[in-house]
Amino acid sequence: MKTGAAVLGMLASAAIGAAAAGWITSTRNAPLAGGAVGPVPMPMASPPAPVGIPLGDVAGGRADGSLLGMENPLGEGPAVVADGKRLFRQMNCAYCHGMEAKGAMGPDLTDLGWRYGGAPAQIYDSIAAGRPKGMPAWGRALSPELIWEMTAYVHSLGGGIPPQQAVAAMHGDYRGETSENGTSKAPSRGGEASADQ
């Protein structure tokens, strides 16, 4: 008896599901011009990202170097940096990073060591995708252009590195240069490069 009830329950669920699917299909057809009936296009959840915007995690060398070498498509002129600074304050970034971006609850953006990288593509990715333990992802709230403006401002604060240097660092060449014997030079604690670190 229990098996029969279970089978009837499954059949009832299947019938309800099929009826609902038929209703959804029939309501997706709507009258068109001239009385014809056709499918109504469903809106996309979000528009596709513009070409050339780095998506995914490029920090720590987990993506190919082509994204790390990408320049900011808006450039880094004074007007773009000023727009980024205005946006930095408007979006309350200063609450965590401080009014001068020297750190508060969030990290200092004017120092030389950035955990997720200081190349423009890495900064863009940190803003768009967020970071664990506090950095919100702004990729759905801000357009790529606005994120690039903020990227220009953050990169201008002094902690950013040129894209070419980020690519070299990904390949183990921290300063983008090699020693006379062909090995990469790593910075020592005193600031000078040392081949044996």
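Reading the sequence shown from the start, the letters are residues -20 to -1, 1 to 177 in mature numbering (1 follows the signal peptide of the UniProt record, and there is no 0).
Note that CB positions come from ideal geometry on N, CA and C, so glycine has one too.
- Between leucine 48 and alanine 99, the gap from beta carbon to beta carbon is short of 8 Å.
- Going by beta carbons, glycine 78 and tyrosine 133 fall outside the 8 Å limit.
- Within its own chain, the residues whose Cβ lies closer than 7 Å to the Cβ of alanine 84, once the five positions on either side in sequence are excluded, are Cys76, His77, Gly78, listed in chain order.
- One Cα belongs to valine 60, the other to tryptophan 118, and the distance between them is close to 18 Å.
- Methionine 115 places its beta carbon less than 8 Å from that of glycine 86.
- Contact between glutamate 80 and histidine 135 is ruled out by a C-beta separation of about 16 Å, above the 8 Å threshold.
- Per DSSP, arginine 120 lies in no alpha helix (DSSP H) and is assigned neither H nor E.
- Between the beta-carbon of leucine 67 and that of glutamate 129 there is about 6 Å, and that keeps the pair under the 8 Å contact cut.
- In the assembly as shown, asparagine 72 is an exposed residue. Its beta-carbon has fewer than 16 other beta-carbons within 10 Å.
- Methionine 115 is bridged by DSSP to Arg111.
- Counted as a single uninterrupted DSSP element, the alpha helix (DSSP H) harbouring tyrosine 75 occupies residues 73 to 77.
- By a beta-carbon distance limit of 8 Å, isoleucine 107 does not contact threonine 90. Their separation comes to about 16 Å.
- For the 8 Å CB-CB criterion, methionine 50 and alanine 101 form a contact.
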